[in-house]
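First up is the structure itself, then whatever we jot down about it.
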Amino acid sequence: MIFAGDPLLSGHIDLAVVAIVVLKTVLTFALLLVGTMFMVWFERKVVGDLQNRIGPNRAGPFGLLQTLADGVKVFFKEDLIPEQADRVIFKYAPLLSMVPAFITFAVVPIAGDFRHGHSGVVSIFGHRTLLQLADPPIGVLLVLAMSSIAVYGVMLAGWSSGSKYPLLGSVRASAQMVSYEAALGLSVVAVVLVSGTLSTSGIVSAQAPWKWNLWVTGVVPFVIFLISGTAELNRPPFDLVEAEQELVGGYQTEYSGIRFALFYLAEFMNTITMSAIIVTLFLGGPSGPVILGPAWIWGLIWFLLKLLIFLFVFVWFRATLPRFRYDQLMDLGWKALIPLSLGWLLLLTAVRVGDVEGWNPFLVTMVGAVVLVAAYGLLVLAMRAARRNRQLAEELL
Amino acid sequence: MVPIIVFVVAAAICVAGALGVVLNRNPVHSALSLVATLFGVAVLFIAQDAQFLAAVQVIVYAGAIVVLFLFVIMLLGVDRAENLESEPLTGQRPAALVAGLLIGGGLIAVLVASTITGKHSSGAKVDPAQANVNQIGRLLFTDHLWAFEITSVLLVIAVVGAVVLARRGAPGSGADAVDAGIPADDFGEPASPDTVPPNDVEETVR
């Protein structure tokens with residue numbers, strides 16, 4: 001068991017320690033905000049390229065300052081509040097979507113020295129510390145808690161608008177997010193099982209340098225996490241929440257000016273945070289080979305490169321995949337992803353127990369796979385029987 | 001000094017939230033006050049080194065249960081102040097008062113006098129050398145395994161019961177509204193409501 005924790009806070013706490021913590025806070029938030037700014041530009045540019053057009057190219061070189069220009073514009077727009085709205089909740093709902101993204105990002109290891117025996121610790125100003133804002137012993141649970149808090153922003157925004165499309169959008173959103181949280185949590189359990197710790201820096205240390213959970217857990221939890229993460233973010237192809245053809249703009253229909261911009265920013269911020277969490281859980285976070293120079297810089301470089309892969313993947317999803325229908329969404333979540341992640345978890349546990357007990361690993365895997373297939377067959381039979389019963393009941397009418 | 005400040009702030013949030021649950025006229029505001037109380041309790045858990053309980057508190061209660069409350073409030077559209085003039089059950093309010101006083105008195109008796117169990121309400125301290133997930137897991141799956149399994153059976157019964165209750169009317173009455181949006185290849189043609197009166201449908205299915 002790796003019992004992680006930031007060595008910075010375990011010793012005597014003096015002014016320098018407080019200064020380091022403040023510095024880390026400011027840097028983390030600045031990184032996320034600047035990252036969000038460039039993510040908006042990146043998404044518009046890449047979607048533009050994929051759709052064979054140019055994309056933003058007026059503000060600054062390559063249109064890099066487009067987000068800033070949009071921000072200034074939106075800041076001076078009128079902030080409308082509908083007459084039927086619940087004013088207090090209407091005002092605070094956008095903040096509720098942003099804060100969880102920040103808090104989640106706080107537990108992501110951004111850089112650090114993950115060579116053998118270092119477990120991410122570096123020295124700053126004579127103090128040994130981890131290069132992440134916080135490393136609570138329950139880091140992964142904090143991520144799940146914040147993803148369940150993120151539902152409130154969307155839900156309350158829709159309800160407090162006092163108008164029908166936002167309400168429909170937010171009911172859809174909360175059902176979708178609560179459903180996919182189960183699959184998300186179950187795929188995280190596989191990672192925790194393999195790493196033996198809940199702390200994010202512990203999980204990264206356990207993966208360094210090449211024992212990435214991506215293949216240690218056998219790819220399936222990664223795929224489930226990626227799909228349910230996309231659904232949690234309400235990004236295409238799971239963006240039924242704001243399907244403009246059906247719901248005008250979903251939960252943000254009544255928002256305008258800076259509050260609308262806050263929702264917009266929160267979406268991109270959450271995208272970055274979710275990518276960072278995927279990198280931490282499955283791709284070994286900032287760990288990687290050190291070529292020359294200080295090890296922590298290489299940590300930062302590897303982290304940003306891995307992050308960029310997933311940012312691109314999310315944009316790619318948006319540009320290529322058509323939107324799911326609501327029943328397909330629920331079928332995928334409840335009838336495919338949750339049973340699959342439960343079964344895979346059982347298989348992983350069996351292999352692990354077999355490892356401890358000294359059973360034949362090949363036999364354990366085979367028996368596990370046979371049980372999985374049999375269980376899946378039973379599930380399919382059960383669903384077919386339910387469908388047949390339904391048809392029978394209708395023929396009786 | 002710091003623990004006292006943390007306690008005072010978190011306790012104030014808890015109490016304010018609890019009062020908000022009772023005193024707010026709008027059910028959505030009440031539910032949100034409940035979230036504030038749950039967060040206050042989570043902070044108190046962290047102050048006691050029980051990070052796991054704090055996280056579970058937020059995930060399960062704030063993240064799932066109150067979301068379901070809000071979901072029901074939104075779907076049923078009861079988000080208006082209720083008429084409090086008439087009592088739904090006769091004698092409900094005096095009975096609630098008596099029960100509340102009894103429970104409150106009991107809690108205070110356990111906390112202050114510790115005469116009932118002979119022990120203080122807090123048992124052993126958390127071992128700071130071990131992660132508290134390990135300690136809780138070990139206790140839960142050894143000493144308290146029976147209670148744990150019984151609870152899981154209870155939850156399964158609740159789930160099965162909910163499914164049975166929800167499917168009782170299908171495909172005629174209530175469930176039809178949901179079915180109508182679902183495509184034919186999955187559930188067969190949705191029954192058109194104007195060909196058969198709803199009462200007949202229920203009879204046929206039973």
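Each protein sequence line maps, in turn, to chains Z and A. Quick note: the first sequence uses our numbering, first residue 1, plus one each step. Quick note: the second sequence uses our numbering, first residue 1, plus one each step. Note that CB positions come from ideal geometry on N, CA and C, so glycine has one too. Quick caveat: nothing in here was measured; it's all calculated off a predicted structure.
Within chain A, 63, 64, 67, 68, 71 have C-beta atoms less than 9 angstroms from the C-beta of residue 178 (chain Z), given in sequence order. Contact between residue 147 (chain Z) and residue 184 (chain Z) holds: CB atoms are separated by about 7 angstroms, below the 8 angstroms threshold.
Taking 7 angstroms as the cut-off between beta carbons, the residues of the segment 24–57 of chain A near chain Z are 28, 51, 52, 55, in sequence order. In the DSSP assignment, residue 128 (chain Z) falls within the beta strand (DSSP E) that extends over 127–130. For the segment 305–357 of chain Z, the full-length alpha helix (DSSP H) segments reaching 4 residues or more read 326–331, 338–357 along the chain.
Taking 7 angstroms as the cut-off, the Cβ atoms of residue 66 (chain A) and residue 97 (chain A) do not count as close. In terms of Cβ geometry, residue 283 (chain Z) and residue 334 (chain Z) do not form a close pair [threshold 7 angstroms].
For a Cβ distance threshold of 9 angstroms, residue set 67, 70, 71, 74 of chain A lies close to residue 155 (chain Z), ordered along the chain. A direct Cα-Cα distance of roughly 10 angstroms separates residue 338 (chain Z) from residue 331 (chain Z).
Residue contact check for residue 136 (chain A) against chain Z: no CB pair falls below 7 angstroms.
Distance from the CA atom of residue 165 (chain Z) to the CA atom of residue 175 (chain Z), rounded to whole angstroms, is 16 angstroms. In the assembly as shown, residue 77 (chain Z) is an exposed residue. Its beta-carbon has fewer than 16 other beta-carbons within 10 Å.
Per DSSP, the beta bridge partners of residue 124 (chain Z) are Z:127.
Taking a cut-off of 8 angstroms for Cβ pairs, the segment 78–88 of chain Z and the segment 251–267 of chain Z touch, as three or more such pairs fall below it. Taking 7 angstroms as the upper bound on Cβ-Cβ separation, chain A lies near residues 136, 137, 138, 141, 142, 144, 145, 148, 149 of the segment 134–150 of chain Z.
The three-state secondary structure of residue 251 (chain Z), taken from DSSP, is helix. Considering only Z:320, Z:327, Z:379, the residue with the shortest C-alpha distance to residue 52 (chain Z) is Z:320.
Sequence-ordered contacts of the segment 192–203 of chain Z with chain A read 198 [C-beta pairs closer than 7 angstroms].
Comparing C-alpha distances from residue 3 (chain A) to each of A:22, A:31, A:25, A:44 shows the shortest one belongs to A:44. Looking at the backbone, the Cα of residue 244 (chain Z) and that of residue 250 (chain Z) are separated by about 7 angstroms. Distances from the CA of residue 109 (chain Z) to each of Z:129, Z:271, Z:216, Z:98 were compared; the closest alpha carbon is that of Z:129. For the segment 130–161 of chain A, the residues whose beta carbon sits under 9 angstroms from a beta carbon of chain Z are, in order, 130, 131, 132, 133, 134. A distance below 8 angstroms between beta-carbons, with the five flanking residues on each side excluded, links residue 56 (chain Z) to the following residues of its chain, in chain order: 41, 44, 45, 48, 63, 66. According to the DSSP assignment, residue 142 (chain A) belongs to no alpha helix (DSSP H), since it is labelled neither H nor E. The criterion of a C-beta distance shorter than 7 angstroms is not satisfied by residue 136 (chain A) and residue 145 (chain Z). When the beta-carbon positions are compared, residue 307 (chain Z) and residue 276 (chain Z) come within less than 7 angstroms of each other. When DSSP states are grouped into helix, strand and coil, residue 70 (chain Z) belongs to the helix group.
At a C-beta separation below 8 angstroms, residue 171 (chain Z) has these neighbours in chain A: 71, 74, 75.
Non-local beta-carbon contacts of residue 157 (chain Z) in its own chain, meaning distances under 6 angstroms to residues more than five positions away in sequence, involve 93, 251 in chain order.
Following the DSSP letters along the chain, one finds residue 394 (chain Z) inside the alpha helix (DSSP H) bounded by residues 361–395.
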